[in-house]
Each structure stands twice: as C-alpha cells, then as structure tokens.
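6 is the number of the first residue of the sequence shown in this note's numbering; add one for each residue after it.
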Amino acid sequence: MDERYIVEIDNYSLTFLGQTEKALRNIDIKVKEGEVVGILGATGAGKTSLLLSLNGVIPNDMPAIQEGRITVNNINVMEHDVTDMARHVGVVLDTPDTQLLASTVFDDIAFGPSNLGLDSTEILRRVEHVLEVSRLKGKELRNPLQLSGGEQQNLAIAGVLAMDPPVLALDEPISMLDPVGKETVMTLLRSIAKERKRTIIMTESGSDLEVTLTYFDRVIVLSNGEVVADGSPEEIVYSGILERVGVGEPQVTTFMRRLQSEKYPVKPTLDINIAASMLAEIVDGRSVEPIHENHHIHAGEPVLKMENVRHVYPTGVEALKGVSLEIYQGEMVGIVGSNGSGKTTLCMHAVGVLKPTNPDGRVIVMGHDTRKMKIKEIIKHINYVYQLPDNMLFQEKVVDEIAFAPQMMGFGKDKTAKIVDEMLDLFWLREYADSYIFYLPRNIKRLLSLACVLATRPSIIMVDEPTTGLDRGTAEKVMKILHRLNREGLTIVLISHNMELVGSYCRRVVVMDSGNIIADGPTRKIFSDKEIMAKANLRPPQIMSLFKDVPALSQLSVLSLEEALGVFRRLSM
C-alpha cells in the first residue's frame, strides 16, 4: 500500500497585497506522512511564505492573492481559517517571542492542549513530557519573557509539540539554540516523525546546515519564489545547487570541494568519517607543519571592565554570579555558552540597560563608571545590536531609523545627514532608504540594525548572534563589514552559538555557564578543551572535528576553512 501524501501543494502562486511581483510561483510539492523535509533557500527566497500558507496565516492574517491549491490532511487550507487549521498544522515562527502567550512556561505549554478541549490529566501528561524533552524542566514557573532567546525558541517548539498535530511547520526552529540544543531538537523531531508518523517541514537559510542536513529525508530548494531542486540531502549537496543559490554548504563539504578543485584525490561528502578517511590517505607518511600563532599582549587599560557583577531578576533568578571581565582596545572577542548561561544579561550590563544588583558590582566603559551615567551617555562609548532586529527597529522607514539615534544624541542636522549617507553605503542599504521597515526581509533588517548602532559612533559594539537565520552570502557580508571595522580600530564583542564564525574571526573566547565565566583565553586553546566545551554545551567548528579524526592532523586544532586549506597547501610544497 502506498504511503499517503499528507501535504499537497498544486501549482501554488502567491502575491502579497500591494505588491506586483509574486512571492511564490507555480509551487508543486507533495509530502508523505512521516517525512522530515527541509525547505532551503537564501533569505527572501519564499520559505516563510510557503510555510505560513500551510495553516492559513497567509492570507487570513497576511492578506495576499493565492492561486492554485493547498491540501493538508485532506483539508483544503484555502477554505478554512487559522483556528480550524491549528489542529492539523502546528507552526513555530522564527521570532519565538511573538508566539508566547502566558505568564509562566508551564501555562504557555498548556495553552494549546487546553484549547483542544483535552481533560486535565492529558494536558498535564503532555506538558510534563515536553518539558522534559525540550530542556525546560525546572523552568516551569519562569516568565517566558525573561528567558533567553534560545530558551524562548525551545518553549515555542514545546507549545506546538504539546498539541501533537499531524504536521509541524517550523521556521528556522534551531537558529537560536546552542550546538547541543540544536542536535537535541533535531533528534527529537526526527523521532517524532518516525515513531509517531508526524510530518516535519522546516526551513533553513544555511547557518545550521551541518546539523540539519543529516536529519532530513528530503530537501527542497527555493530561489526567487520557485522550486529549483528537490531530492535527498546527498543529491542536493553534491549537485552544488546550495552554493549557487547562496545558501552555502557544511564546512567539511566545502573543504573537500576546495581540495578537489586543487587536484587532490578527494570528493565532496556530507560524512565527516568518509572525509577523514580520504584525508588520511593523502597525509599518510608526509610531514605536517604545526600552526604558528602569535599571542597578542594587551597594553594599556581595558576599554570595558566588569568587576564582580551580579544580577538577580525580581523573580529570584540569578543570571550573573559575580562576573569579572576585561576587554581591550581593538579586540574581537567571542562570548559563547549554552542557552540561558548569561551572555545577553552580561551585554545588557555593559550598555547600561541593566545595573548590577550587588552594591560592589561595577561596569567601567572607557574609564567611566556606568552606575553614574545615563544610557544616552553610555551609548556614545558602547552600543548593542539585538539578536532579533525587530526588537530594536521602530521607525517606519530605513532612513528615519538610521537618523533617529544621532538626532537624539544632538549630532546636528548636517552631521546626522552625513552619518546616514555613510551607513546607507556601508551596509548596501541605499536602494532601501525610503522603504518601510515592516516589509523588509530579515537580511536587510540585520544590516539595518548594525547601521543604526554604528550611526552612534561608539568605540565598542556588542553584537548578539550577528548571523542568526541568515543565508551564507548575507552572513559573510555582515562578517566582512565587522572584520573591516575591527581592523580600523573598532572593538567588537560577538555573542554567538556559531562556532565556525567564532573560530574564523575571534582570537579570544569567553565561555559562560550558569551565570559564570568558566573559561577565557585564546580561541584555539578553548576549542581544544573537551571538558570546557562539553560543560557549556558547545561543539568545535566542523573542520576542527574533521582534523581531530585524522591521526596525522589531530594535533593541529585548525579553526577555519582557510587554515585547513593552508595545511594542505604546505604539504604540496
């Protein structure tokens, strides 16, 4: 007996009201019950629009003209509203904070099952189960708005799992999670699909390919609103289509492809074990040069100094437990750690949004004690880029958003106009100057959030997850800008779960766990410390793991793709 198709999308096209160009064109997709399907594409390819069409958010909440037909669980979606479809399609948005409704974690998870009319025993059973599998056990009474971004993402997923719909439609569902959390969620989703015959459809822009691809049964690639490829993860990756549409590839796949282009006897692969075997044959019996690294000695006073900073939220949660930290002029430092470890709370103290709750806790920025300063004065020296751009953008148009802070800081009309002009060019925003921010794609909002912060002319910026949810092309664009500004003297602190990014750009790493700094030192040393990495729920960059699996290369601890390529280029000399 043939497996039934639970989702059928036939010749579907979509045009948002007020727009002339179609967001989706002639989409034909059929998904089987129990399949795990990845919808991949660059930012703005149409992934979210497709996902939100499955449960009626489009067009009921986002007016649009639809053509074609979408059927889910034998129901014509276009004939039902979102409330009707909620029993059949559970949606997790890429902005989890907009999906949280209750005042406690427990109540938020229970909200969906309660609205299904289940009895209290069944509701309690479901809530207890998803609390356990989503790593939220012990946080039942926490206010969802006081959770970290990753914890909120876990909670949004938990709320949908508790409703147990036949189809789960997830928009970038692991983008905010720590590395272990990403693997945990993907393992959970795949087990639900295979053991309970639930269908998983999730989008991915490219930042988490190394995790997600191995869990997908099938990958569908979108570009400019059209399906351009559909096949197994291996077929899609080996075809090179992901590079062509700007999504990128897993780090090891790119490395093997680059070696192949340099005439080494290898081929691209998703399997790190296969890659290690191929490399072992190449280096067998050959001398491998060590990687030489000069450790910079800091001179002068730190530009940011935190002394014994503690913070206890009104709910009693101790987010920082006596943190001390020094950041020096011109550094690009990575702050890493598991979800809820205190990274964002630390940043909020650095920019004065939060103050230490202990009287002897101090934050010194450019020699100034922030306890005696207003935020308006602090951001002249240090500023913060939020993880979710929507949390910091509130003007109608791009040009007004960039101009807002300089105007409030009294820069004057001419100086403000000059700054706005510079930011539009620096972040490729010129064509969007008069665009309404609400309608901008995520990648443009990320560039805009950086432009707004740098418009205040700070000496230090703290950037929370600079590449979350971005495709490879946009992520590289963002990091090249930050790298250039750092070389010009800007001090940068990156908060990230992307170890590939940290390994490529940061020479120093600060590791946080449960409100404490548990390690601070050179990136290579920290990433090579298995005990520290495990304690903080971290994984080293994939390229480092690959080299560790090759005996002749295991002592090198390469941090980046370019370092790895350099090792093999020296072999051929």
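Ideal Cβ positions, reconstructed from N, Cα and C, are used throughout, including at glycine. Small disclaimer: the values here were computed from a predicted structure and weren't measured.
If you compare alpha carbons, which of Leu398, Arg30, Leu152 is closest to Ser54? Comparing alpha-carbon positions, the option among Leu398, Arg30, Leu152 lying closest to Ser54 turns out to be Arg30.
Would you report the Cα separation of Phe532 and Gln71, rounded to the nearest angstrom? Approximately 49 Å, taken between the alpha carbons.
Go to Pro527, then tell me how far its alpha helix (DSSP H) extends in each direction, as first and last residue. In the DSSP assignment, Pro527 falls outside any alpha helix (DSSP H) and lies within the beta strand (DSSP E) extending over 521-527.
Cβ-based burial, Pro319 [other Cβ within 10 Å; buried from 16]: Flag for Pro319 reads exposed.
Nearest neighbour of Val82, chosen from Leu59, Met337, Gly305, Ala91 [CA to CA]: Nearest in C-alpha terms to Val82, of all of Leu59, Met337, Gly305, Ala91, is Leu59.
Return the residue from the list Gly49, Ile32, Asp86 that minimises the CA-CA distance to Arg74. When the alpha-carbon of Arg74 is set against those of Gly49, Ile32, Asp86, the nearest one is in Ile32.
How many Å lie between Leu166 and Gln157 at the Cα? In this structure, the straight-line span from the alpha carbon of Leu166 to that of Gln157 is close to 14 Å.
Would DSSP call Asp102 helix, strand or coil? Residue state, collapsed to three classes: helix.
Thinking C-beta only, is Val572 closer than 8 Å to Leu561? Their beta carbons are under 8 Å apart, which means Leu561 touches Val572 by this criterion.
For Gly646, is the classification buried or exposed, using 16 other Cβ atoms within 10 angstroms of its Cβ as the cut-off for buried? No statement about residue 646 is possible, as the shown extent of the chain runs from 6 to 578 and does not include it.
By a C-beta neighbour count over all protein chains shown, 10 Å radius and 16 as the cutoff for buried, is Thr103 buried or exposed? The residue in question, Thr103, is exposed, as its Cβ has fewer than 16 Cβ neighbours within 10 Å.
Please look up how many angstroms separate the CB atoms of Leu475 and Ser210, rounded, as I've assumed it's under 8 Å. Contact between Leu475 and Ser210 holds, with the beta-carbon distance rounding to 6 Å and staying under 8 Å.
In angstroms, rounded to a whole number, what distance separates the CA positions of Pro463 and Ala410? C-alpha separation (whole angstroms): 12 Å.
Name the residue from Asp235, Val138, Thr204 whose alpha carbon lies nearest to the alpha carbon of Glu188. Looking only at Asp235, Val138, Thr204, the smallest Cα-Cα distance to Glu188 is reached by Val138.
Nearest residue (CA-CA) to Lys450, options Met414, Asp426, Glu401, Met413: For the set Met414, Asp426, Glu401, Met413, the Cα lying nearest the Cα of Lys450 is the one of Glu401.
Cβ shell of Pro546 (< 6 Å), same chain only, five flanking positions each side left out: Only Met504, Glu505, Gly508 meet the Cβ criterion.
Consult DSSP for Tyr437 and reduce its assignment to one of helix, strand or coil. Helix at Tyr437.
How about Lys385 and Thr461: are their beta carbons less than 8 Å apart? In contact: Lys385 and Thr461 (Cβ atoms closer than 8 Å).
Counted within 10 angstroms of its Cβ, other Cβ atoms place Asp3 as buried (16 or more) or exposed: Outside the shown range of the chain (6 to 578) lies residue 3, about which nothing can therefore be said.
What is the residue span of the beta strand (DSSP E) that Thr192 lies within? Where Thr192 is concerned, there is no enclosing beta strand (DSSP E), although the alpha helix (DSSP H) it sits in stretches over 184-201.
So, Met191 versus Ile179, is the Cβ gap smaller than 8 Å? Remark: C-beta atoms of Met191 and Ile179 approach each other more closely than 8 Å.
Please return the same chain residues whose Cβ sits closer than 7 Å to the Cβ of Asn388, not counting the five positions on each side in sequence. Around Asn388: Val356, Val458, Thr461, Pro463, Ile466.
Proximity to Gly478 [Cα-Cα], best of Thr100, Ala47, Ser346: Closest by alpha carbon: Ala47.
Alpha helix (DSSP H) containing Ala281: first to last residue? Where Ala281 is concerned, the enclosing alpha helix (DSSP H) stretches over 277-288.
Which whole-angstrom value describes the C-beta separation of Ala480 and Ser212, a residue pair presumed to lie in contact below a C-beta threshold of 8 Å? A Cβ-Cβ distance of about 6 Å is found for the pair Ala480 and Ser212, placing them in contact under the 8 Å criterion.
Taking buried to mean at least 16 other C-beta atoms within 10 Å of its own C-beta, is Tyr510 buried or exposed? Per the 10 Å Cβ criterion, buried.
State the beta-bridge partners of Asp365 as determined by DSSP. Asp365 pairs with nothing; no bridge assigned.
Nearest to Ile241 by CA position, among Ile44, Gly143, Ala285, is which residue? With distances taken between Cα atoms, Ile241 lies closest to Ile44.
Suppose you measure from the CA of Val97 to the CA of Gln392; what does that come to, to the nearest Å? Our two residues, Val97 and Gln392, have alpha carbons roughly 18 Å apart in a direct line.
Have a look at Leu121 and Arg92 and give me their C-alpha separation to the nearest angstrom. Using only the alpha carbons, I get a separation of about 8 Å.
Under a three-way DSSP split, which group does Phe21 fall into? In the structure shown, the three-state DSSP call for Phe21 is strand.
Would you identify the three-state DSSP class for Asp124, choosing helix, strand or coil? In the structure shown, Asp124 sits in coil (DSSP, three-state: anything other than H, G, I, E or B).
Can you tell which of Val36, Ala69, Ala280 has the C-alpha that lies nearest to the C-alpha of Gly654? Since the first and last residues shown for the chain are 6 and 578, residue 654 lies out of range.
When you compare the stretch 143-157 with the stretch 102-117, are there three or more beta-carbon pairs, one atom per stretch, that lie closer than 8 Å? Yes, the stretch 143-157 touches the stretch 102-117.
Any idea which residues DSSP pairs Ala69 with across the strands? Phe21, per the DSSP bridge assignment.
Sufficient close CB pairs (3 or more, under 8 Å) joining the stretch 198-206 to the stretch 32-41: Under the three-pair Cβ rule at 8 Å, the stretch 198-206 counts as touching the stretch 32-41.
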